[in-house]
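As numbered in the numbering used here, residues 175 to 739 make up the sequence shown, in order. The C-beta atom is built at its ideal place from N, Cα and C for all residues, glycine as well. Predicted model only: the values in this text are computed from it and were never measured. Taking it in order: structure first as structure tokens, then the write-up.
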Amino acid sequence: MKTRSTPLACAWARRARLSAGRLAALLALGAALAASAAPPAVDTRPVAAVIHASPLAEGWEHGAFMEIFVRAWRDSDGDGIGDLRGLTQSLDYLQELGVRGLWLMPVTKNADGDHGYATTDFRAIAPEYGTLADFDELIRQAHKRGIGVIMDYVINHASARHPMFQQALQGRANRFHSWFVWADAAPQGWDIWGKNPWYHAASRPWLFKGDFKDLPRPPPEARGLYFGTFGPHMPDFDFRNPAVLEYHASSLRFWLNRGLDGFRLDAVPHLVENSARDWNDQPESRALTRRLQELIKRYPRRMVVCEATADPQAYGDPAVCGGAFAFGYVHHFIEAARGKAESVREVASYYRRAAPTMATFLSNHDLFAGRRPWDQLDGDTARLRLAAAAYLLQPGTPFIYYGEEIGQAGVPGLAGDGPIRSPMSWSADLASAGFTQGTPFRPVAPNAATHNVQLQRADAGSIFHFYKAMLALRNTWTSLARGRFEAGAAQGLVASWQRVWGDETTLVAINYGSAPTELMLDLLPSYARAETLYPRGAAAWQGQGNGQARVHLPAQSVRVWVLQR
């Protein structure tokens with residue numbers, strides 16, 4: 175029997191269908207809201223090593239590096255922020271200058287939106303910089319030009335916004351809770367650089383950073399305090415947990431498998447803290463650094479350099495990190511250029527006791543390491559050349575901070591490290607310095623009109639061409655890149671040293687004084703003949719049978735010779 179539908183029955187059916195549709199929509203909305211409130215999943219999958227031969231020449235890492243703040247280097251898409259494509263497009267400039275390696279400040283996804291050291295994903299590129307495909311293309315193009323690429327790896331801590339930490343706040347039952355350092359009650363006696371590094375989780379102390387206010391409030395069970403060496407917005411990992419080390423090992427392999435040529439390991443003396451007294455540079459931190467270096471160098475021709483301010487030479491030991499920035503020494507390059515005799519003596523003697531694996535610089539991205547050299551030397555081009563020659567012709571790996579090679583000045587009046595992290599000056603355009611087609615994320619250098627890539631390349635007597643000449647010497651003469659440091663001596667405001675590689679000996683002399691002088695050289699090969707490498711056209715000279723020679727040095731000058739026995 176067939177049932178006939180009445181109008182009333184049809185109306186009820188339509189209402190029922192509508193209610194069901196609304197219910198489904200509400201359920202879907204609820205699920206979406208719940209998903210958006212939950213921290214995103216974290217990729218902690220293990221990554222196995224995929225090792226291929228390096229395309230770079232043996233010894234490439236002994237050439238000079240350029241430290242590049244990608245955000246400030248070059249903008250390819252007009253949004254006012256530098257990016258990986260902008261860097262790739264300017265590799266010819268770096269090749270022309272003569273750099274052999276690039277150090278990229280953090281390019282991974284981060285929460286701070288500027289310097290990048292508050293990491294939110296250790297296996298992803300910051301979206302404002304581009305994509306993994308852009309990263310891969312940068313590596314390919316750099317390798318074509320014989321340039322290696324290393325990147326900052328921020329291993330000590332994560333961002334408070336990192337999904338790992340947000341899940342850790344849910345309490346001990348969450349698997350990520352044990353990945354960070356916790357205390358049930360406030361530890362006593364702690365002071366790191368004038369601050370207590372322990373923070374109450376329930377109070378959300380990272381909220382001093384305005385862009386964290388959208389994070390959910392921790393649940394009531396989020397009791398206790400967490401540890402953050404560098405502040406509440408960057409909680410420290412607990413490296414006593416083997417899972418933490420394995421995660422970072424896999425993340426390092428993630429990048430090495432893509433062809434990356436090594437790492438600058440950030441803040442490695444802070445990996446393990448033992449007490450309020452024994453918190454800096456503990457034996458456990460050195461042991462972990464050694465393991466990280468061993469992992470990285472299982473890949474052929476990879477390079478590692480560590481940031482270790484407490485005892486740099488200990489981390490420069492090939493058995494620990496294999497390279498470390500020479501904090502405590504590098505300021506002497508500037509001070510010697512200012513005419514300070516004590517610093518001249520230190521420039522002439524440091525490598526008698528220091529490992530040749532130390533990394534040197536005139537300035538970097540941290541203001542505590544000094545203002546830009548142009549500002550430290552009050553815009554004195556002659557003295558900037560003296561400072562540059564010393565570290566570019568000594569042992570170790572020299573790191574040029576972007577813009578240094580054109581005499582770029584800092585931007586006064588900006589907060590924090592902003593004055594030394596302004597956009598690269600490519601042209602004389604006072605609005606953008608040729609950095610972007612849009613509005614720069616930060617004001618350009620005040621001397622961009624006179625000290626920019628375009629004008630510096632066109633002037634044969636410029637700072638750029640001096641840097642290019644020094645790097646050409648280092649790239650041509652193996653002794654200057656990799657040779658032993660011998661016969662270091664200081665006579666007044668003159669420093670001299672020899673670099674020896676096999677049968678090749680080069681001699682460097684720098685007169686920091688404002689007057690010409692006569693230099694008495696000692697410990698030369700008997701009757702050595704000195705052929706001038708720099709500057710071109712300077713006369714050769716002959717040593718005496720007793721291994722001595724007297725040479726004339728003009729005021730504020732650099733001389734480089736190769737000694738023919």
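Here V418 has W353, F411 and D412 as same chain residues with Cβ atoms under 7 Å from its own Cβ, once five neighbours each way along the sequence are excluded. Between the alpha carbons of T305 and T679 lies a gap of roughly 46 Å. A contact between stretches requires three or more CB pairs, one per stretch, nearer than 8 Å, and the segment 421-428 meets this requirement with the segment 289-308. The DSSP-derived three-state label of Y525 is helix.
Only exposed fits H226, as fewer than 16 other CB atoms lie within 10 angstroms of its CB. A straight-line Cα-Cα distance of about 38 Å links D540 and G676.
The segment 248-312 contains, as complete beta strand (DSSP E) runs of 3+ residues, the segments 275-278, 282-284 and 293-299 (chain order). Shown here, Y641 sits in a helix according to DSSP, grouped into three states. Note on geometry: alpha-carbon atoms of I366 and T403 lie some 7 Å from one another. Of the other Cβ atoms in all chains shown, fewer than 16 fall within 10 Å of the Cβ of V224; this residue is therefore exposed. G322 is bridged by DSSP to G275. Within a 10 Å sphere around the beta-carbon of D696 sit fewer than 16 other beta-carbons, which makes this residue exposed. DSSP places L567 outside any alpha helix (DSSP H), giving it a letter other than H or E. Residue state for Q630 is assigned as helix, using DSSP reduced to three classes. If one requires a minimum length of 3 residues, the beta strand (DSSP E) runs lying completely within the segment 493-549 are 532-534, in chain order. Contact check for M325 and L271: beta-carbon distance about 20 Å, past the 8 Å limit, so the pair fails to qualify. In this structure, R274 is the residue among R274, R335 and A493 with its C-alpha nearest to the C-alpha of V323. The residue from Y291, P361 and Y400 with its alpha-carbon nearest to that of G345 is Y400. Secondary structure of T555 (DSSP, three-state): helix.
A straight line joining the alpha-carbon of F615 with that of A729 spans about 42 Å. Contact between N330 and L445 is confirmed by a C-beta separation of about 6 Å, below the 8 Å threshold. Pairwise C-beta distances place the segment 505-513 in contact with the segment 549-569, as three or more of them are shorter than 8 Å. In the DSSP assignment, M598 falls outside any beta strand (DSSP E) and carries neither an H nor an E. Around A357, the same chain offers W372, G398 and L399 as residues with beta carbons nearer than 7 Å, after the five sequence neighbours per side are excluded. Bounds of the beta strand (DSSP E) holding W671 are V668 to W675.
The criterion of a C-beta distance shorter than 8 Å is satisfied by V618 and P597. Here the C-alpha atom of D249 lies approximately 35 Å from the C-alpha atom of Y489.
For G490, the enclosing alpha helix (DSSP H) begins and ends at P486 to G490. Excluding residues up to 5 positions away in sequence, G237, A238, L271, G272, V273 and L566 lie with their Cβ nearer than 8 Å to the Cβ of L645 in the same chain. The bridge partners DSSP lists for L727 are T691. For F404, the three-state secondary structure derived from DSSP is coil. Segment contact: the segment 484-502 against the segment 438-458, three or more CB-CB distances shorter than 8 Å; contact assigned. Under the three-state reduction of DSSP output, N649 falls in the helix class.
When DSSP reads this structure, A417 sits in no beta bridge, so it has no partner.
Sixteen is the threshold: when 16 or more other Cβ atoms of the shown chains lie within 10 Å of the Cβ of N538, as they do, the residue is buried.
Annotation: S449 to G590 spans about 30 Å, alpha carbon to alpha carbon.
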